[in-house]
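**Student:** Pasting a structure below so you can have a look.
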Amino acid sequence: MPSKICIIGAGAAGLVTAKHAIKDGHQVEIFEQTDKVGGTWVYSEEIGCHSSMYKNLKTNLPKQCLEFENVPYPDGLPSFLPHENVLEYLENYSKEILIFFNTKVINVTREGEKWKVTTSTYSAESEFVHYYDVVFVCNGHFFEPFNPFENAEFEGEMLHSHDYRRAEHFEGKKVVIVGAGPSGIDITLQVAMTARHVTLIGTHAVFPVVLPGTVRQIPTHVKSIYPENIITDEGENITADVIIVCTGYKYKFPFLNPSLIQLKHNSQIVSPLYQHICHVDYPKTFFLLVYFI
Numbered sequence: 030m031p032s033k034i035c036i037i038g039a040g041a042a043g044l045v046t047a048k049h050a051i052k053d054g055h056q057v058e059i060f061e062q063t064d065k066v067g068g069t070w071v072y073s074e075e076i077g078c079h080s081s082m083y084k085n086l087k088t089n090l091p092k093q094c095l096e097f098e099n100v101p102y103p104d105g106l107p108s109f110l111p112h113e114n115v116l117e118y119l120e121n122y123s124k125e126i127l128i129f130f131n132t133k134v135i136n137v138t139r140e141g142e143k144w145k146v147t148t149s150t151y152s153a154e155s156e157f158v159h160y161y162d163v164v165f166v167c168n169g170h171f172f173e174p175f176n177p178f179e180n181a182e183f184e185g186e187m188l189h190s191h192d193y194r195r196a197e198h199f200e201g202k203k204v205v206i207v208g209a210g211p212s213g214i215d216i217t218l219q220v221a222m223t224a225r226h227v228t229l230i231g232t233h234a235v236f237p238v239v240l241p242g243t244v245r246q247i248p249t250h251v252k253s254i255y256p257e258n259i260i261t262d263e264g265e266n267i268t269a270d271v272i273i274v275c276t277g278y279k280y281k282f283p284f285l286n287p288s289l290i291q292l293k294h295n296s297q298i299v300s301p302l303y304q305h306i307c308h309v310d311y312p313k314t315f316f317l318l319v320y321f322i
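Okay, here's the thing in structure tokens:
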């Protein structure tokens, strides 16, 4: 039976969900809080916004791994794509999908056998109520930084990778990067081109190229951060002008009541979900907590 479906977010997850639902004959409405599709793939010089995109980011997977079913990337593009190509791909993919832009989902609650979804728009002061059979939560994962050092008394500049935009900002500075995941490694290689010196603190780092002479990698963890320096687990003292924290993100669903969904372990785990997707108590509620990078 056709269902009326609400999709929250017009990023990659929301768009592909809409395409398949429409193909199967369902009525689909997407609410997107910004004025364009793409989610985290929309680059902005502004910091503190939804996007975590930085100026020279390229995908860390080949384009063939990022294609939607039967929708290849155009010929002639490199295997590892600049973010502009990914956004253009999503924009083309979104054509003919009904999307309500500049519309924020305020609240999602259960009312009888339906989902009550309350929205607001930037052009009107009123709130609007809609009812759906199914809700897909596709509001992304890369917008709420997890920074275990946010209360440290560091007197220099500290930022999360969410607010990193370009390497030129760190010219001539001593930079410490905490976290050796994909973002930490990529940002290390970029910042090394302009900074005086870069120290990468993190275990299990695997670099795709030989490290430049201005980079030092320390396979350890941060024990403490003081106004002018960092102390590692081994007791090493490292001074810095800038600390870039690359420690990942927290899940956040401001439109859901904690009685419906719980965030555990520093908001790294969403519960109660079956296979990390389907709500165990409400099988017609889905959380597409996907990585598309």
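Be aware that the sequence shown starts at 30, since it is given in this note's numbering, and climbs by one per residue.
C-beta: ideal position from N, C-alpha, C; glycine also.
Using 8 angstroms as the threshold, is the region 166-178 in touch with the region 240-247, meaning 3 or more CB pairs across them?
**Tutor:** No, the region 166-178 is not in contact with the region 240-247.
**Student:** Reducing DSSP to helix, strand and coil, say where Thr-46 ends up.
**Tutor:** In the sequence shown, residue 46 corresponds to position 17, counting from 1. In the structure shown, Thr-46 sits in a helix (DSSP, three-state: H, G or I).
**Student:** Taking just the CA atoms, how far does Phe-282 sit from Asn-295?
**Tutor:** Start at 1 with the first residue of the sequence shown, and residue 295 comes out as number 266. Start at 1 with the first residue of the sequence shown, and residue 282 comes out as number 253. So the two alpha carbons sit approximately 14 angstroms from each other.
**Student:** Using three-state DSSP, classify Lys-92 as helix, strand or coil.
**Tutor:** As a position in the sequence shown, residue 92 is number 63, starting the count at 1. Helix, per DSSP.
**Student:** Alpha carbon to alpha carbon, how far is Tyr-320 from Thr-268?
**Tutor:** Translated into the one-based positions of the sequence shown, residue 320 becomes position 291. Translated into the one-based positions of the sequence shown, residue 268 becomes position 239. The predicted model places Tyr-320 with a pLDDT of 31, which falls under 50 and marks its position as unreliable; any figure quoted below should be read in that light. Near 34 angstroms, if we compare the C-alpha coordinates of Thr-268 and Tyr-320.
**Student:** Count the C-beta pairs between the region 146-157 and the region 44-55 that are closer than 8 angstroms, then say yes if the count reaches three, no if not.
**Tutor:** With a cut-off of 8 angstroms, the region 44-55 and the region 146-157 do not count as touching, because too few Cβ pairs lie within range.
**Student:** What's the call for His-112, buried or exposed, on a 16-neighbour Cβ count within 10 Å?
**Tutor:** Counting from one through the sequence shown, the residue named residue 112 turns up at place 83. His-112 is buried by the Cβ-count criterion.
**Student:** In this structure, does DSSP put Gln-291 in helix, strand or coil?
**Tutor:** Here residue 291 is taken as the residue at index 262 of the sequence shown, counted from 1. Three-state result, Gln-291: strand.
**Student:** Going by DSSP, what residues sit across from Leu-302 in a beta bridge?
**Tutor:** For the purposes of this step, residue 302 is taken as the residue at position 273 of the sequence shown. According to DSSP, which records beta bridges pairwise, Leu-302 is partnered with His-308.
**Student:** Return helix, strand or coil for Ile-51, following the three-state DSSP convention.
**Tutor:** Within the sequence shown, residue 51 is the residue found at index 22, counting from 1. Reduced to three states, the DSSP call for Ile-51 is helix.
**Student:** Does the separation of the CB atoms of Ile-273 and Val-220 fall below 9 angstroms?
**Tutor:** Here residue 273 corresponds to residue number 244 of the sequence shown, with the count starting at 1. Here residue 220 corresponds to residue number 191 of the sequence shown, with the count starting at 1. Yes. Within cutoff.
**Student:** Given 8 angstroms as the limit, is there contact between the region 212-228 and the region 185-201, that is, 3 or more CB pairs closer than that?
**Tutor:** Yes, since at least three Cβ pairs between the region 212-228 and the region 185-201 fall closer than 8 angstroms, the two stretches touch.
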